[in-house]
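*Asks:*
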Amino acid sequence: MRKMFSAVAILVMASLALAACGTAVPAPSVDTVTVKETVVVEVTSSAPVVVAPTGYGVTLKTVMERGNLVCGVNSQVPGFGYVGADGSFAGIDVDYCRALAAAIFGDATKVEFRPVTAAERFTALQSGEIDILSRNTTWSLVRDTELGGNFVHTTFYDGQGMMVPKDSGIKTLQDLAGGTICVQTGTTTELNLADVMASLGVAYTPAVFEDADSTFAAYSEGRCDAVTTDKSGLVSRRSVLTDPSAHEILDVTMSKEPLGPMVRHGDDQWFDIAQWTVFTMFSGEEFGITSANVDDIRANATAPEVRRMLGVEGDLGLKLGLTNDWAYNIIKLVGNYEEIYNRNLGPDTPTYIPRGYNSLYTDGGLLYSPPFR
Amino acid sequence: MASVEPVLPPMSERSNILRWARKNLFGSWYDAILTILGAWIAYWALSGLLTWVFTVAEWKVIVVNMRLLMIGQYPLEQAWRLWVWLALLVFLSGNSLAIWGRGSRYAIALLLLPVVLAFVFPFGDEPRKWLVILTVTGLAGWGIGRTSPEVLKRSVIAGWVISLPIIILLTRGLSESETGFLPDVRTNLWGGLLLTFLLTVVGIMFSFPIGVLLALGRRSELPIIRWFSVGYIELVRGVPLISILFMMSLMLPLFLPDGWTVDRVIRAMVAITLFSAAYLAENVRGGLQAIPKGQYEAAEALGLSGAQTMIFIILPQALRLIIPILVGQFIAVFKDTSLVAIVGLLDLLGMGKTVLAQPEFLGLQREVYVFISLIFWVLSYGMSYLSQQLEARLGVGIR
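Right, here's the structure in full:
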């Protein structure tokens, strides 16, 4: 038994010694202040990364020096940001980060994805933990000002949508005339629904519920003909229904929820790079340039704007502080907007959302890129 | 030569299952009714569960994502480093089982577990190979431990103490470049059970000494130390762990000078350590109070200094007394680590939620959460079982 005591004593002494070692304080005295220091030393021993959060051109320089882009993403929204079974991130927000990395490094893999929660995302951006936030974040005035960020551009026009069972045959809001719609009470969702239906002149019965869970539970029990909330929310809610494939999200949008990436205030060069990465994705689709044909187009294109964009003519890339083949790399390595959209939210995916407003302006959508000149 | 007929022992009633059942289950008519009713309820409850487990549940989501749930995004080509330290731990466990364990049957059964796992569950070839290696090293450790248990005691304890730095070093890596020996694996790639395990082990290993010091500090006669300890303990105990985690992830970055960031995993480790230390301090203080005054006086009479008295006389007795409480605390730390999912770390639970967002496995919440719960239960029960063994070994609760 004595042996055992001494064994325990040795263990305790060893841990004390270990704790004392950390501080490099020689006195092994029982001093609680020493302990506090131990912990702090533990923190600083992690080789902190030096990031300069503000100032023109600083972010790009930091990212270049570090050798990778740190991108704050969501890890739990199907289609927008999640981890695939192979351990790599996927989703439309994630692909945007890859496009940005492709523009900077000519290598779409040089991204470190940092899952951030809704609560900490703005802090993480402000403190320089992440270079850019691409996490289904809605653009609003307060976030653009007080929270110290600039929204780059909308990459996904989310909005209130409507989900119905596929076999109901409902295709438009008018088809819902006389039907029952499940909706959460006390939200803007409920008011939007009333406004939209009133302006369409469609009569319906709202079935209101206190919270989202009971709203969708009622819908899955068949107590209403349709259910409404934000489209990205419908996608993830659909995932928990018994048979997700038996439900369909209608091609209507009843409110404004513009989602897009966000950068810190104070570095306009970084803002420009982030924004023109989005425009490159849009223009790629507009000009019909895909990752498959971009090499061909770069070699043979005659249209001046395409030649400027792909770096055959002019020096647009250099003006952004990048190389001239930045846009080529985005499309070659990640794809144009259509490719990215279809990969994550397209008709062949379980997370299908009709494009709606997320179509090019030429197709009646809102995607519109300023000219490349 | 006259052979003596051996006297047979009376027939054991328990050896005959029918007889046993008759006596205990169908002793009287109401016993019989209760037995049948109980059996029917058990069948009704179990059949639903078993039907779900074997026919309805789609375990493919677990099989496909086994790697994510176990080690997160840790690069596969570096995974051997994790297996190596796991083998080290199994080796030490084999040693310890031989030195302190009770029967050899238990030890062998326990050490054969990896091989059983390897062939019962659909692992890939690489994990299977390593699971077999684990059993081999475990048995080797057990064999070596049996040869000279008394001599090895100290080196095994030393092995356990230095295993944590080795684990961290192997997991984290040495060289900055990607081609060098043991390339650096950034903590953002740590995930799944690996992250849960590391958070737990670091939380326990560091909170233990800090907790002991705080407990001693609270009983100190020096006012500043006492007040500091009391203030720390009461402050930290008065705040939920989740708010400390939020403070660490939201406030700390704002207090640090511009451009300084602290690794998020380390922030979580510090938060868990600081939180757990406050609780441990009070547990240890409870143990200290149980030591009679005579022990101090006897130590003083022997001419031991204050520190010697503490280290050699009081603490060993006090800590031995509070083993059940300590283990309860460690199990709590283990389960509390799942709160880091809320600050964006992909521990076992966080990774489970991420897996649920994979489009091909939408709506399989039950499978994933059942699997995660099972892992938590097995490991928590394992800790509890080990502590019972330790208690029995140290004779706690017998005197």
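If you read the protein sequences in the order shown, they are chains G and V. Using the working numbering, you'd call the opening residue of the first sequence number 12 and step up by one each time. Using the working numbering, you'd call the opening residue of the second sequence number 296 and step up by one each time. Ideal placement from N, C-alpha and C gives every residue a C-beta, glycine not left out. These figures come from a predicted structure and were not determined experimentally.
Ordered along the chain, which non-local residues of its own chain (more than five positions away) have a Cβ less than 7 Å from that of Asp385 of chain G?
*Replies:* Given that chain G is displayed from residue 12 to residue 384, the structure contains no residue 385 of chain G and the question cannot be resolved.
*Asks:* Can you find a C-beta in chain G that's less than 7 Å from the C-beta of Pro587 of chain V?
*Replies:* Reading the second sequence from its first residue, position 292 is the one you call residue 587 of chain V. Answer no: the Cβ-Cβ gap between Pro587 of chain V and chain G never drops below 7 Å.
*Asks:* Which residue's Cα is closest to the Cα of Trp529 of chain V: V:Leu575, V:Leu651, V:Phe550, V:Val497?
*Replies:* Within the second sequence, residue 529 of chain V is the residue found at index 234, counting from 1. The sequence as given places Glu at residue 529 of chain V; Trp does not occur at that position. It is V:Leu575.
*Asks:* If you measure beta-carbon to beta-carbon, which residues of the segment 73-104 of chain G are closer than 7 Å to chain V?
*Replies:* The residues in question are Ser86, Gln87, Val88, Pro89, Gly90, Tyr93, Val94, Gly95, Ala96, Gly98.
*Asks:* Identify the continuous beta strand (DSSP E) that holds Cys82 of chain G and give its terminal residues.
*Replies:* Counting from 1 along the first sequence, the entry for residue 82 of chain G is found at position 71. Start and end: 80-84.
*Asks:* Counting along the chain, where does the beta strand (DSSP E) carrying Thr191 of chain G start and finish?
*Replies:* The sequence position of residue 191 of chain G within the first sequence is 180, counting from 1. First-last of the beta strand (DSSP E) with Thr191 of chain G: 191-195.
*Asks:* Mind checking who Asn389 of chain G pairs with in its DSSP beta bridge?
*Replies:* Because chain G here runs from 12 to 384, residue 389 of chain G falls outside it and cannot be looked at.
*Asks:* If you run the structure through DSSP and keep just helix, strand and coil, what is Phe100 of chain G?
*Replies:* Taking the first residue of the first sequence as 1, we reach residue 100 of chain G at position 89. Strand at Phe100 of chain G.
*Asks:* Out of G:Ala188, G:Pro365, G:Leu144, G:Leu371, point me to the one whose CA is closest to Leu211 of chain G's CA.
*Replies:* As a position in the first sequence, residue 211 of chain G is number 200, starting the count at 1. When only C-alpha atoms are compared, the closest one is G:Ala188.
*Asks:* Which residues in chain G sit within 7 Å of Lys648 of chain V, going by Cβ to Cβ distance?
*Replies:* Residue mapping note: residue 648 of chain V aligns to position 353 of the second sequence, counting from 1. The answer, in chain order, is Gln87.
*Asks:* Could you tell me how far apart the beta carbons of Pro417 of chain V and Val358 of chain V are, in whole angstroms, since I believe they sit closer than 8 Å?
*Replies:* Stepping through the second sequence from its first residue, residue 417 of chain V is reached at position 122. Stepping through the second sequence from its first residue, residue 358 of chain V is reached at position 63. About 5 Å separates the two Cβ atoms, so the contact holds.
*Asks:* Looking at chain C, which residues of the segment 126-140 of chain G have a Cβ within less than 9 Å of any of its Cβ atoms?
*Replies:* Included in the structure are the protein chains G and V, with no chain C among them.
*Asks:* Given a cut-off of 7 Å on the beta-carbon distance, is the pair Leu447 of chain V and Gly436 of chain V in contact?
*Replies:* Translated into positions along the second sequence, residue 447 of chain V becomes position 152. Translated into positions along the second sequence, residue 436 of chain V becomes position 141. Not closer than 7 Å, so no.
*Asks:* Determine the extent of the beta strand (DSSP E) in which Asp169 of chain G is found, giving its start and end residues.
*Replies:* Working through the first sequence from its first residue, we reach residue 169 of chain G at position 158. It spans 167-169 - the beta strand (DSSP E) in which Asp169 of chain G sits, taken as one unbroken run.
*Asks:* Answer yes or no: do Val122 of chain G and Arg109 of chain G have a C-beta to C-beta separation smaller than 7 Å?
*Replies:* For the purposes of this step, residue 122 of chain G is taken as the residue at position 111 of the first sequence. For the purposes of this step, residue 109 of chain G is taken as the residue at position 98 of the first sequence. Yes; because the gap between Cβ atoms is below 7 Å, this pair is in contact.
*Asks:* Between Phe100 of chain G and Val88 of chain G, what straight-line distance do the alpha-carbon atoms span, to the nearest angstrom?
*Replies:* The residue labelled residue 100 of chain G in the question sits at position 89 within the first sequence. The residue labelled residue 88 of chain G in the question sits at position 77 within the first sequence. Looking at the two C-alpha atoms, the distance is approximately 11 Å.
*Asks:* What is the rounded straight-line gap between the Cα of Glu577 of chain V and the Cα of Ala602 of chain V?
*Replies:* Counting from one through the second sequence, the residue named residue 577 of chain V turns up at place 282. Counting from one through the second sequence, the residue named residue 602 of chain V turns up at place 307. Cα-Cα distance, rounded: 20 Å.
*Asks:* Would you say Pro382 of chain G faces chain V, with C-beta separation under 7 Å as the test?
*Replies:* As a first step, residue 382 of chain G is located in the first sequence; it is residue number 371 there, counting from the start. Cβ-Cβ to chain V under 7 Å: no for Pro382 of chain G.
*Asks:* On the premise that Thr226 of chain G lies in contact with Val238 of chain G, defined as a C-beta separation below 8 Å, what is that separation, rounded to the nearest angstrom?
*Replies:* Looking up residue 238 of chain G in the first sequence gives position 227. Looking up residue 226 of chain G in the first sequence gives position 215. With a Cβ gap of about 6 Å, Val238 of chain G and Thr226 of chain G count as contacting.
*Asks:* Using a Cβ-Cβ distance under 7 Å, would Asn578 of chain V count as near chain G?
*Replies:* In the second sequence, the residue the question calls residue 578 of chain V occupies position 283. Answer no: the Cβ-Cβ gap between Asn578 of chain V and chain G never drops below 7 Å.
*Asks:* Quick one: Cα of Leu363 of chain V to Cα of Leu377 of chain V, how far?
*Replies:* The count along the second sequence starts at 1 and reaches residue 363 of chain V at position 68. The count along the second sequence starts at 1 and reaches residue 377 of chain V at position 82. Taking the straight line from one Cα to the other gives about 14 Å.
*Asks:* Going by the DSSP bridge assignment, what does Ile260 of chain G pair with across the sheet?
*Replies:* Taking the first residue of the first sequence as position 1, residue 260 of chain G is located at position 249. Beta-bridge pairing links Ile260 of chain G to G:Met174.
*Asks:* Among the residues of its own chain, which have a CB less than 8 Å from the CB of Ala327 of chain V, if the five just before and after it don't count?
*Replies:* By one-based count along the second sequence, residue 327 of chain V stands at place 32. Closer than 8 Å at Cβ, skipping near neighbours: Leu320, Phe321.
*Asks:* Determine the burial state of Ala63 of chain G: buried for a count of at least 16 other Cβ atoms within 10 Å of its Cβ, exposed for fewer.
*Replies:* Counted from its first residue, the first sequence places residue 63 of chain G at position 52. Note that Ala63 of chain G has pLDDT 42, beneath the 50 cutoff, so the model's placement of it is unreliable and no number is given.
*Asks:* Excluding sequence positions up to five away, which residues of its chain have a Cβ less than 7 Å from the Cβ of Pro176 of chain G?
*Replies:* Position 165 of the first sequence holds residue 176 of chain G. Same-chain partners within the cutoff: Ala257, His258.
*Asks:* Measuring CA to CA, which of V:Phe629, V:Val379, V:Trp380, V:Gly582 is closest to Met678 of chain V?
*Replies:* Sequence index remark: in the second sequence, residue 678 of chain V carries index 383 (1-based). Considering only alpha carbons, the answer is V:Phe629.
*Asks:* Going along the chain, which residues of its own chain have a beta-carbon closer than 6 Å to the beta-carbon of Leu669 of chain V, five neighbours each way excluded?
*Replies:* Stepping through the second sequence from its first residue, residue 669 of chain V is reached at position 374. There are no such residues.
*Asks:* Give me the Cβ distance between Ser250 of chain G and Gly658 of chain V, rounded to the nearest whole Å; I'm assuming they're in contact under 8 Å.
*Replies:* Walking along the first sequence from the start, residue 250 of chain G turns up at place 239. Walking along the second sequence from the start, residue 658 of chain V turns up at place 363. 5 Å between Cβ atoms; contact.
*Asks:* Looking at C-alpha atoms only, which residue of V:Trp395, V:Ile428, V:Ser399 is the closest neighbour of Val411 of chain V?
*Replies:* Within the second sequence, residue 411 of chain V is the residue found at index 116, counting from 1. Nearest of V:Trp395, V:Ile428, V:Ser399 to Val411 of chain V, Cα basis: V:Ile428.
*Asks:* If you measure from the beta carbon of Ser600 of chain V to each beta carbon in chain G, is any gap under 7 Å?
*Replies:* Against the second sequence, residue 600 of chain V aligns to sequence position 305. Cβ-Cβ to chain G under 7 Å: no for Ser600 of chain V.
*Asks:* Along the chain, which unbroken stretches of the alpha helix (DSSP H) at least 4 residues long are found entirely within the segment 547-575 of chain V?
*Replies:* Qualifying alpha helix (DSSP H) stretches, in chain order: 547-550.
*Asks:* Decide yes or no for the touch test of the segment 311-323 of chain G against the segment 73-88 of chain G: beta carbon pairs closer than 8 Å, at least 3 of them.
*Replies:* At 8 Å Cβ cutoff, the stretches do not touch.
*Asks:* Here's a check: name, in chain order, each residue in its chain whose Cβ is nearer than 7 Å to the Cβ of Val289 of chain G, leaving out the five neighbours to either side.
*Replies:* In the first sequence, the residue the question calls residue 289 of chain G occupies position 278. Closer than 7 Å at the Cβ level, and outside the excluded window around Val289 of chain G, lie Val163, His164, Thr166.
*Asks:* Round the Cβ separation of Ile499 of chain V and Phe625 of chain V to the nearest angstrom and send it over; I've been treating them as touching at under 8 Å.
*Replies:* Along the second sequence, read from residue 1 onward, the residue named residue 499 of chain V stands at position 204. Along the second sequence, read from residue 1 onward, the residue named residue 625 of chain V stands at position 330. Contact holds; Cβ gap of about 5 Å.
*Asks:* Looking at Thr632 of chain V: is its Cβ nearer than 7 Å to the Cβ of Leu494 of chain V?
*Replies:* Taking the second sequence and counting its residues from 1, the one referred to as residue 632 of chain V is at position 337. Taking the second sequence and counting its residues from 1, the one referred to as residue 494 of chain V is at position 199. Yes, these two residues count as a Cβ contact at 7 Å.
*Asks:* Per the DSSP calculation, Phe124 of chain G is bridged to which residue(s)?
*Replies:* On the first sequence, residue 124 of chain G is found 113 positions in, with the first residue counted as 1. Answer is G:Cys82, bridged to Phe124 of chain G.
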